[in-house]
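Visitor:
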Ligand code: SAH
């Protein structure tokens, strides 16, 4: 069994997520940028000002994108239902994610969308970019190959570059892609978040940290599991293992108190 996907479907599975945007003008320019390339889905995570007159002024008519934009308190909410998140960053950060070009990112995003997955392109704040904790929720880091001594593009221009690459990739690909109907979907961002919480709690329960701060090891473990792109069945197995480890730790504690 296979089903076919057309380019409109593909575009609707790709969302642009803007995190902690300071200038509403950049939100408007980004809305225009994605709309010109055939995309509509914008998600805003704690924007400083939105809705705002300046956003509408710079959207130049892409009002449907602004009106449809979700506003969220947390990045994980903006990534709801997402199977692949690609974080755009001008600089390499502490999180050692694979670094890919916008072209490679577009190819990966389209391949995922053609498999029926939801994809996010994640953009950071104008001044500070994406923080480590935000990049840790992504599967790869996308760097637009700017010059080293002046590497940071205007936020909405970075959105435009990525949307353009996706558009070119979409125009170049075969119109219909067969997708197997019975495969397991990769886990989405919220499912991964629940897994990381379970993992962190279990590491506490089995006294793994021995006085060390858990932050670094949790970031490393996130990197490992993000790279693995777990599907829902694999995630259920891992939850099962963690639950058993917690149960055994509980039993050991009871015995030591006897
Ligand atoms: N000083 C910040 C720059 C932020 S620019 C930093 O170093 O990250 C605002 C956003 O635009 C970034 O978070 C990123 O999402 C995007 N951006 C700007 N220049 C980029 C580049 N060369 N490659 C990838 N993304 C870029």
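Numbering (our numbering), first residue to last: 65 to 322.
Virtual Cβ for every residue (Gly too), placed ideally from N, Cα, C.
Nothing here was measured: the structure is a model prediction, and the numbers come from that model.
(1) Which residue from 220, 312, 198 puts its Cα closest to that of residue 208?
(2) Pairs of beta-carbons, one from the stretch 98-107 and one from the stretch 217-235, closer than 8 Å: are there three or more?
(3) Where does the unbroken alpha helix (DSSP H) through residue 150 begin, and where does it stop?
(4) Does the beta-carbon of residue 107 have 16 or more other beta-carbons within 10 angstroms, so that it is buried, or is it exposed?
(5) Can you have a look at residue 273 and say buried or exposed, based on whether 16 or more other CB atoms are within 10 angstroms of its CB?
(6) Cβ atoms of residue 153 and residue 194: under 7 Å apart, would you say?
(7) Using 10 angstroms around the beta-carbon of residue 275, count the other beta-carbons present and answer buried if the total reaches 16, otherwise exposed.
(8) Within the continuous alpha helix (DSSP H) that includes residue 130, where are the two ends?
(9) Over what stretch of residues does the beta strand (DSSP E) that includes residue 187 continue unbroken?
(10) With a CB to CB cut of under 6 Å and the five nearest residues on each side skipped, what residues in its chain are close to residue 134?
(11) Less than 6 Å between the CB of residue 190 and some heavy atom of the ligand SAH, yes or no?
(12) Could you say which of 201, 267, 149 lies nearest to residue 307 if we only look at CA atoms?
(13) Leaving out five residues before and five after residue 25 in sequence, what residues of the same chain have Cβ atoms less than 7 Å from its Cβ?
(14) Rounded to the nearest angstrom, what separates residue 190 and residue 90 at their Cα positions?
(15) What residue range is occupied by the uninterrupted beta strand (DSSP E) comprising residue 78?
(16) Could you work out which residue in 129, 130, 83, 120 is closest to residue 110 when comparing CA atoms only?
(17) Specify the secondary structure class of residue 136 as computed by DSSP and reduced to three states.
(18) Among 85, 264, 75, 87, which has the Cα closest to the Cα of residue 184?
(19) Using only the alpha-carbon positions, how far apart do residue 286 and residue 117 sit?
(20) Taking 6 Å as the cut-off, is the CB of residue 96 close to at least one heavy atom of the ligand SAH?
(21) Alpha carbon to alpha carbon, what distance is there between residue 236 and residue 303?
(22) Within 6 Å: the Cβ of residue 216 and any heavy atom of the ligand PLP?
(23) Locate the alpha helix (DSSP H) running through residue 101, then write down its first and last residues.
(24) Pop quiz: residue 196 and residue 283 are said to be a contact at Cβ under 8 Å. What is the actual Cβ separation, rounded to whole angstroms?
Guide: Reading it off the structure:
(1) Selection 220, 312, 198 evaluated against residue 208 yields 220 as nearest (Cα-Cα).
(2) A contact exists between the stretch 98-107 and the stretch 217-235.
(3) It is not in any alpha helix (DSSP H) - residue 150 instead sits in the beta strand (DSSP E) that spans 148-152.
(4) Residue 107 comes out buried.
(5) By the 10 Å Cβ count, residue 273 comes out exposed.
(6) Yes; because the gap between Cβ atoms is below 7 Å, this pair is in contact.
(7) So residue 275 counts as exposed.
(8) Its alpha helix (DSSP H) spans residues 127-132.
(9) Residues 183-187.
(10) The answer, listed in chain order, is 107.
(11) The answer is yes for residue 190.
(12) Among 201, 267, 149, the Cα nearest to that of residue 307 is on 267.
(13) This structure leaves residue 25 out entirely; the chain is present only between 65 and 322.
(14) When rounded, the distance between both Cα atoms is 9 Å.
(15) Residues 78-83.
(16) Taking only the C-alpha atoms, the option nearest residue 110 is 83.
(17) Note: residue 136 maps to strand in three-state DSSP.
(18) Of the listed residues, the one whose Cα sits closest to residue 184 is 75.
(19) The alpha-carbon atoms of residue 286 and residue 117 are separated by roughly 39 Å.
(20) Residue 96: no, Cβ never under 6 Å from the ligand SAH.
(21) In a straight line, the C-alpha of residue 303 is about 41 Å away from that of residue 236.
(22) Among the ligands modelled here, namely the ligand SAH, the ligand PLP does not occur.
(23) From DSSP, residue 101 is part of no alpha helix (DSSP H); its letter is neither H nor E.
(24) With a contact defined as Cβ atoms closer than 8 Å, residue 196 and residue 283 qualify at about 7 Å.
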